[in-house]
Every structure is written in C-alpha cells, then in structure tokens.
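Participant: Here it is, the structure in full.
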Amino acid sequence: MESIGVLMLIPMNSYLEQELQRRYNLFKLWTAPQKPQFIKEHADSIRAVVGNAFAGADAELIEALPRLEIVSSFSVGVDKIDLAKCREKGIRVTYTPDVLTEDVADLAIGLMLAVLRRLCESDRYVRSGKWKKGDYKLTTKFTGKTVGIIGLGRIGMAIAKRAEAFNCPICYYSRTGKPDTEYKYYPSVLELASNCQILVVACSLTAETRHIVNREVMNALGPKGVLINIGRGPHIDEPELVSALVEGRLGGAGLDVYEHEPEVPEELFGLENVVLLPHVGTATVETRKAMADLVVGNLEAHFSNKPLLSPLV
Amino acid sequence: MDSITVLMTSPMSDYLETQLKDRFNLVKLWTYSSKTDFFKHNSHSIRAIVGNTKIGADAELIDSLPELEIVSSYSVGLDKIDLRKCQEKGIRVTNTPDVLTDDVADVAMGLMLAVARRVCECDRFVRRGLWPKGDFRLTNKFSGMQVGIVGLGRIGSAIAKRAEAFGCPISYYSRSEKPETNYKYFSNIIDLAVNCQILVVACALTEETHHIVNREVIDALGPEGILINIGRGSLIDEPELVSALLQGRLGGAGLDVFENEPEVPEQLFGLENVVLMPHVGSDTVETTDAMADLVIKNLEAHFLKKPLLTPVV
C-alpha cells in the first residue's frame, strides 16, 4: 500500500507516525515551509488525512484534496472536521471512541477530587514548608455530592458509574432522555446546574453546544458549585468563567480543555479553587497506543475495501 | 455538667472547643507553659481527656490524673493512647469511626489518580506557562490497575468499593481473611505487594504493624508500583521509602501521613512522582463537625451513665 498518500496534519504520536510510515507514503504537513504549496504539490496522491483534537480536515483542506477518500481522526471529538462537507463528497470519517473513555472519565473524577479536597494546593502547602507553621484549612466532602452531567454518552456514563461508587446522586442533561438509566433527567442545562453541586461537561462540541455553559448556567451552579470540563474548551464561555471564579460567583473549576489551547487565562493561575490540566484526558501510554492502532486499523480496512472499524460518516 | 472538668490536649477544632466549653469545665493543655504548672492546678479535677492524632493519652498523662474516667479521641486512630493502661485502670476509651470513612477513602482515591495521572505536576506545568512550549508527557492509565489494600477494615473496604468502579481488581492483606468479600486474599504483605500495582496502607498502627511496609515490601511493589498511605506515617519505613523513590526502585507515592508530622522529608519535594498532603484525610467541614459531635455525645453518654456510642475500651 506504499503508493497511497496519507497526510498527517500535526505531530501527535510517534508510534502512530511510525506505523503510518511503514504502510503508506506519509506526508507530514508540519514539516512544510509553505503549507498551501506542499498540499498542492502532493494533492494528487493524498487519499487520507489523519488529524486530532487540535487540527482536523476543514472545508478548505478538503477542497484542496480532490482524491481524499477518508479522514481518520486520532480523537473522539470531531469538531475540527467539516462533517457536512465530508458527507457531501462521500468522504469517510473515522474516530477513536471507546478506547479512551476510561482515561477521560478517570481524569474527570480526579479533577473533582482535586478541586473539592484541594489536593494540588495541599501538595504545594507541604512542599513550601507551610505545614510546619500550621495545619491546612478544611475543605469540603466529595462523597455524596450531587453530580450533574451534560451529555450522557460513553464518557458521561463512565463518569456516572465512577461517581456512583462515591454515593454521588447522578443527574444529567442530554439531547434526549435515556430511559434505560435511573439517573434524573433535566430538560435544560440551567435546571441541571440549579440542582447539582458538581457540573461536568461531557458532550460533543457542535454548533448547538458552543458556550452551552454560559454566565447564567454558572450563576445557577453558584458560589459553592464546581464546574468540570473534560469536553472542549468552547463548551464554556471562558471570559465569563474567569470572572465568575475571580468574583466568587462560582465555587471552583477543574479544567482539562480551554478555548484557545495551549493558551490558558492567566487570571486563573493565582486561584486555589481551580485545577488546570494541559488537555491530557487521553494522554496515557496505553490509550494513545490503542487510539493509534484504531486509526491505522481504520485506514487499512478502508484501503482493503473492508468495513471500517469505527466510522462516524 | 459544667462542674465536670475535661482536658483538651491540643487545638483540633474550634467547633469542638465551643461545644466542650458550653457543657463542661474545659481545660486546654496547650495554654500551660509548663507541665508542672498544669498538673499542679488540674490533676485532681480532670475526669475526661479529649485527644487527637497529635497528642492522645500516654501512660504519663494517665498516671498523673487520678480522677480520669474516659478518653474520647477526636480520631479513629488510637496509636497515641495507651490502651493497655486504660484497660488496667478501667478507663473508657472512645474514637470516631464511620463518620470519617468516606473522606479518607476519597483522599486515597484522589492520591491514586493524582499520582498515576500526574494531576498536580500537570497543574504546575500549566501555571508555570510551560504548555505553549510543548505537551506534557504521557502518563499511565489508572482504570484496571491492580489495587492491593493493607487492612480491609471500614476505610479499606470503602477504598475497595470506589476502586472497583474503575475496573480495578482488588486484593488485600489483613490479619484474617474476610470470606464475605470477593476480593483476593494474600496471607502476607510481600505476596500482596508482588501482585498489585497500587498498594494502599489502610490498617491501624499497632506494635505489630509498625514499619509493616519496609524495604522488602517496597522492592516487591517495584519501579512501576505506587504506594499510597492514608493510615499512619510509621506504617512505612520512611527513610527506606525516600531512598526507594530517589533510586527509582519505587514508581511513585501518594502520602497523607508521615513519621514525624509535620516534618516531611525534603528530598521528596523535588520529585514529580509523589503527591504530599498535610494529614488532611478527614479534614472537611462536614466530617470534622460530625467527629466533634461524636466526641461530645460519647462524653455526655458517659457522664449520664448511658451506653457509650463508639467505645473501644
């Protein structure tokens, strides 16, 4: 399959790069001094694009690749891919669901515990020698707090299952109710926020869910409420989040994603009621390998005319 | 009951102090500059001691208070109380089990997640502005890691219940097997350490369990293993722990307790595979109030000649 051209958009995983290089004619877009030129030069042979959470196949790129047949994303989030255009042109799209579900759910719980029990602040307290001068202050109990989940998909369900083991009552907002669960459904994010103590964003990013957590929702969550985002930065109105935290209208936040990664609002750096992670939800050795294998597996299936492993389009 | 004199050994809770002052004649040990001074004024009036994890009731104190009837500990751990002497002299002892179980189990889980996924390191990484220069490195998946628990009491069982929700197989070492659980029993701690990836110390500190986690156990856990201590510092041979971490013979550690609190070995401060907390396992507003209420209720029950709520002796 060496004559098949595959365009990788940004560095994402060296194991994936290796595996693609072995099988295909791999074009690494980030090495090109002039990207549009590079694309033009190789457009004739590029039949597949591999993107991720940070860079995907937008309309412009798709138009520039007349022989494009498949977009295989190294992510479960597909907000960087122009899905409508792919559908229009009959381009297949695959992603990496399931293999990363547990890692992201683990991190969501880790963020909840870290914010409520001030794990990172306590660790700083010890390392700075302050414990010798006095005890750290009291925090608030995690067990039993009501957890509200926006988006009860694979990741939302995995978060719910874990939180339940801490006796946390679970409620959720979803596009539709999920009758086969016993969790309490709220028909709007605002009602959900008013009725939970920890609000977790776990839905996919679409035009409808952009800024789904806005000022109103954060005010409803309140000065004792904690907001956790393991979805996409644009789910939350970031400037509003910053002012809510700085003004004390929101009790705390655990964030793995931001509107303009890797930029993180510096006003958050001085706050002790936030925990800030650099988009590491799926960043484990085990999961990245499984994601890479799924990307390669999907491409191989496509080019052998076999059924795709995890198609979205 | 304000003719009854109660001795509080150290500042532990403003709420508890107020409650004790309202009901009894409260004497605060830390307000005396010398022991002789203290004993001169109070030795014949004190009928109850309220102690904690810092100062309990040792033989010297018990022997110097001839009217002592009850020791009510603001803790579940009893290692600072001379239980044998209390038994000998017919002095009752109570502690605060159950009310703090969830909080301590939550911290154990928080430590596991924080070490495995480098939550505190990542937070530091973001706040130092390092993310724009490059991603944080990959960590290891937590879900599915084998968790070994030393001591399957209330807290050990609560940890097991939570870890199970992350798909973690549970094994344990305890003085006796617990056939009512499905967890795998190991009859000695070395075998437990060999067969798990995360070893959690959740047993009581007694003469037998002092340094139960020694060099041999640490080596058995190994360079990929993680040690979590939410019990008592002296359950682990601390100098051995430090050298194992510095030499890479142990993969990581999450510690809420230390041998000489609030002293923490400074060689640990530069390590990114440890998370250090200042003995905050039960330090939430909710739980400390519940612990204080239990101390008060036990004292009231004793002086009203009613059954104690949570007696140990």
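Going down the list, the sequences are from chains E and X. The letter at position 9 of the first sequence is residue 9 when you use this note's numbering, and the numbering goes up by one with no holes. In this note's numbering, each residue's number is its place in the second sequence (first place is 1) plus 1000. Heads up, the beta-carbon is just placed ideally off N, CA and C, and yes, glycines get one too. All figures in this text were calculated on a predicted structure; none of them were measured in a lab.
1. Using 7 Å as the limit for Cβ to Cβ distance, is MET1012(X) near chain E?
2. Beta carbons nearer than 7 Å to chain X: which residues of the stretch 119 to 140 of chain E have them?
3. May I ask you to list, following chain order, the residues of the stretch 1100 to 1119 of chain X that have a beta carbon less than 7 Å from some beta carbon of chain E?
4. Using three-state DSSP, classify ASN1260(X) as helix, strand or coil.
5. Give a yes or no on whether the minimum CB-CB distance between PHE38(E) and chain X is below 7 Å.
6. Around the C-beta of ALA163(E), are 16 or more other C-beta atoms found within 10 angstroms, so that it is buried, or is it exposed?
7. Would a check of beta-carbon distances place ASN1140(X) closer than 7 Å to chain E?
8. Please go through the same chain and pick out, in chain order, the residues whose beta-carbon is closer than 6 Å to the beta-carbon of GLY156(E), but skip the five residues on each side of it.
9. Compute the beta-carbon to beta-carbon distance between LYS1255(X) and LEU1276(X), rounded to the nearest angstrom, for a pair I have assumed lies under 8 Å.
10. Could you name the residues that DSSP lists as bridge partners for ILE1091(X)?
11. PRO97(E) to VAL1274(X), Cα distance in whole Å?
12. What number of angstroms, rounded off, separates the C-alpha of MET1008(X) from the C-alpha of VAL1027(X)?
13. Quick one: any contact between the stretch 1237 to 1252 of chain X and the stretch 1206 to 1220 of chain X, if contact means 3 or more CB pairs under 8 Å?
14. Please name the residue or residues paired with PRO1278(X) in a DSSP beta bridge.
15. Anything in the stretch 98 to 119 of chain E with a Cβ closer than 7 Å to a Cβ of chain X? List those residues in chain order, please.
16. Use the C-beta contact count for HIS1041(X): other C-beta atoms within 10 angstroms, 16 or more gives buried, fewer gives exposed.
17. Please classify LEU7(E): is it buried, with 16 or more other beta-carbons within 10 angstroms of its beta-carbon, or exposed?
18. For VAL257(E), which residues in the same chain have their Cβ closer than 6 Å to its Cβ, ignoring the five residues on either side in sequence?
19. In terms of alpha-carbon separation, which member of PHE74(E), SER73(E), ILE62(E) lies closest to GLU88(E)?
20. Tell me where the beta strand (DSSP E) around THR1005(X) begins and ends.
21. Just checking: is the beta-carbon of TRP1030(X) within a distance shorter than 7 Å of some beta-carbon in chain E?
22. Our contact map puts ALA43(E) next to LEU29(E) with C-beta atoms below 8 Å; I'd like the distance itself, whole angstroms only.
23. From the DSSP output, in three-state form, read off SER1073(X) for me.
24. Could you check whether the Cβ of ARG162(E) sits closer than 7 Å to any Cβ belonging to chain X?
25. Under the DSSP definition of a beta bridge, which residues are partnered with TYR1173(X)?
26. If I'm right that ALA1116(X) touches VAL1150(X) with Cβ under 8 Å, what's the distance once you round it to whole angstroms?
27. Leaving out five residues on either side along the sequence, give the residues of the same chain with a beta carbon under 7 Å from the beta carbon of VAL1264(X).
28. Measuring straight from C-alpha to C-alpha, what distance separates LEU1083(X) and VAL1093(X)?
29. Can you tell me where the beta strand (DSSP E) with THR287(E) in it begins and where it stops?
30. Classify LYS1141(X): buried if its beta carbon has 16 or more other beta carbons within 10 angstroms, exposed otherwise.
31. With 7 Å as the limit, tell me which residues of the stretch 1118 to 1134 of chain X have their beta carbon closer than that to any beta carbon of chain E; keep them in chain order.
32. Between the alpha carbons of CYS1122(X) and PHE1024(X), how many angstroms are there, rounded?
33. May I ask you to list, following chain order, the residues of the stretch 1259 to 1290 of chain X that have a beta carbon less than 7 Å from some beta carbon of chain E?
34. Please name the residue, chosen from ALA1059(X), GLY1077(X), PRO1169(X), that lies closest to THR1053(X) on a Cα-to-Cα basis.
35. Looking at the unbroken beta strand (DSSP E) that takes in LEU1199(X), where does it start and where does it end?
36. For ASP1018(X), report the span of its alpha helix (DSSP H) as first-last.
Facilitator: In short, the structure shows the following:
1. As a first step, residue 1012(X) must be located in the second sequence, where it is residue number 12. Using a Cβ-Cβ cut-off of 7 Å, MET1012(X) does not count as an interface residue toward chain E, since no Cβ of chain E sits closer than that to its own.
2. Sequence-ordered contacts of the stretch 119 to 140 of chain E with chain X read LEU119, CYS120, SER122, ASP123, TYR125, VAL126, ARG127, TRP131, LYS132, ASP135, TYR136, LEU138, THR139, THR140 [C-beta pairs closer than 7 Å].
3. Answer set for the stretch 1100 to 1119 of chain X: ASP1102, ASP1103, ASP1106, VAL1107, MET1109, GLY1110, LEU1113, ALA1114, ARG1117, VAL1119.
4. Translated into positions along the second sequence, residue 1260(X) becomes position 260. Three-state DSSP puts ASN1260(X) in coil, outside helix and strand.
5. Within the first sequence, residue 38(E) is the residue found at index 38, counting from 1. With 7 Å as the cut-off, PHE38(E) does not count as an interface residue toward chain X.
6. Mapped onto the first sequence, residue 163(E) falls at position 163. With 16 or more other Cβ atoms within 10 Å, it is buried.
7. Sequence index remark: in the second sequence, residue 1140(X) carries index 140 (1-based). True, the Cβ-Cβ gap to chain E drops below 7 Å.
8. Start at 1 with the first residue of the first sequence, and residue 156(E) comes out as number 156. Answer for GLY156(E): ILE149, ALA202, listed in chain order.
9. Here residue 1255(X) corresponds to residue number 255 of the second sequence, with the count starting at 1. Here residue 1276(X) corresponds to residue number 276 of the second sequence, with the count starting at 1. In the sequence as displayed, the identity of residue 1255(X) is Leu instead of Lys. With 8 Å as the limit, LEU1255(X) and LEU1276(X) qualify as a contact, their Cβ atoms being about 6 Å apart.
10. On the second sequence, residue 1091(X) is found 91 positions in, with the first residue counted as 1. In the DSSP assignment, no residue is bridged to ILE1091(X).
11. Here the question's residue 97(E) lines up with position 97 in the first sequence. Here the question's residue 1274(X) lines up with position 274 in the second sequence. Whole-angstrom Cα-Cα distance: 31 Å.
12. Counting from 1 along the second sequence, the entry for residue 1008(X) is found at position 8. Counting from 1 along the second sequence, the entry for residue 1027(X) is found at position 27. The straight-line gap from Cα to Cα measures roughly 6 Å.
13. A contact exists between the stretch 1237 to 1252 of chain X and the stretch 1206 to 1220 of chain X.
14. Taking the first residue of the second sequence as 1, we reach residue 1278(X) at position 278. Beta-bridge partners of PRO1278(X) (DSSP): none assigned.
15. Going along the stretch 98 to 119 of chain E in chain order, one finds GLU102, ASP103, ASP106, LEU107, ILE109, GLY110, LEU113, ALA114, ARG117, LEU119 with a Cβ nearer than 7 Å to chain X.
16. Along the second sequence, read from residue 1 onward, the residue named residue 1041(X) stands at position 41. Here HIS1041(X) is exposed. Its C-beta has fewer than 16 other C-beta atoms within 10 Å.
17. The sequence position of residue 7(E) within the first sequence is 7, counting from 1. Flag for LEU7(E) reads buried.
18. Position 257 of the first sequence holds residue 257(E). The residues are ASN229, ARG232, GLY233, HIS279.
19. Within the first sequence, numbered from 1, the residue matching residue 88(E) stands at position 88. Cα-wise, what sits closest to GLU88(E) is ILE62(E).
20. Translated into the one-based positions of the second sequence, residue 1005(X) becomes position 5. 1005 to 1008 is the span of the beta strand (DSSP E), which, as asked, contains THR1005(X).
21. Stepping through the second sequence from its first residue, residue 1030(X) is reached at position 30. Not an interface residue.
22. Taking the first sequence and counting its residues from 1, one reaches residue 43(E) at position 43. Taking the first sequence and counting its residues from 1, one reaches residue 29(E) at position 29. With 8 Å as the limit, ALA43(E) and LEU29(E) do not qualify as a contact, their Cβ atoms being about 12 Å apart.
23. Along the second sequence, read from residue 1 onward, the residue named residue 1073(X) stands at position 73. Three-state result, SER1073(X): strand.
24. For the purposes of this step, residue 162(E) is taken as the residue at position 162 of the first sequence. Closer than 7 Å to the CB of ARG162(E) there is at least one CB belonging to chain X.
25. As a first step, residue 1173(X) must be located in the second sequence, where it is residue number 173. Looking at the DSSP assignment, TYR1173(X) forms a beta bridge with VAL1150(X).
26. The residue given as residue 1116(X) occupies position 116 in the second sequence. The residue given as residue 1150(X) occupies position 150 in the second sequence. About 19 Å; that fails the 8 Å criterion.
27. Position 264 of the second sequence holds residue 1264(X). Excluding residues within five positions, the ones whose Cβ falls inside 7 Å are PHE1258, LEU1276.
28. Looking up residue 1083(X) in the second sequence gives position 83. Looking up residue 1093(X) in the second sequence gives position 93. About 8 Å.
29. Here residue 287(E) corresponds to residue number 287 of the first sequence, with the count starting at 1. Looking at the DSSP string, THR287(E) is not in any beta strand (DSSP E); the run it does join, the alpha helix (DSSP H), is 285 to 303.
30. For the purposes of this step, residue 1141(X) is taken as residue 141 along the second sequence, with counting starting at 1. Here LYS1141(X) is buried: its Cβ has 16 or more other Cβ atoms, across all protein chains shown, within 10 Å.
31. Per Cβ criterion, the list reads VAL1119, CYS1120, CYS1122, ASP1123, PHE1125, VAL1126, ARG1127, TRP1131, PRO1132.
32. Translated into positions along the second sequence, residue 1122(X) becomes position 122. Translated into positions along the second sequence, residue 1024(X) becomes position 24. Straight-line spacing of the CA atoms in CYS1122(X) and PHE1024(X) works out to 49 Å.
33. So the list reads PRO1262, VAL1264, PHE1269, VAL1275, LEU1276, MET1277, PRO1278, VAL1280, ASP1283, THR1284, VAL1285, GLU1286, THR1287, THR1288, given in the order they occur along the chain.
34. Mapped onto the second sequence, residue 1053(X) falls at position 53. Of the candidates ALA1059(X), GLY1077(X), PRO1169(X), the one whose C-alpha sits nearest the C-alpha of THR1053(X) is GLY1077(X).
35. Stepping through the second sequence from its first residue, residue 1199(X) is reached at position 199. LEU1199(X) -> beta strand (DSSP E) spans 1198 to 1201.
36. Position 18 of the second sequence, counting from 1, holds the residue named residue 1018(X). It is worth fixing the name first, because residue 1018(X) is Thr in this sequence and not Asp. Segment 1014 to 1023, the alpha helix (DSSP H) holding THR1018(X).
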